[in-house]
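A quick write-up on the structure given underneath.
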Amino acid sequence: MIVGGQAVIEGVLMRTPAAYAIAVRRPDGTITHTGARLPKWSDNY
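So in numbering that gives the first Met the number 0, the last one in the sequence shown is 44, and the numbering has no gaps at all.
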């Protein structure tokens, strides 16, 4: 599995070829996250 990551302000972004996820710390100290699957390149063209 190929996984890459990158820092974002107060959080982290992780990505694979098929999906991504982002987690960030809010000003009140809680952590919120979201993620989604990415469309295949062949689906767009």
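The beta carbon of each residue, even a glycine, is placed where N, CA and C say it ideally should be.
Beta bridge counterpart(s) of residue i as assigned by DSSP
i: residue 19; result: 14 and 35
i: residue 3; result: 14
Boundaries (first-last residue) of the alpha helix (DSSP H) holding residue i
i: residue 42; result: 40 to 43
Three-state secondary structure assigned by DSSP to residue i
i: residue 30; result: strand
i: residue 25; result: coil
Rounded straight-line distance, which links the Cα of residue j to that of residue i
i: residue 4; j: residue 37; result: 16 Å
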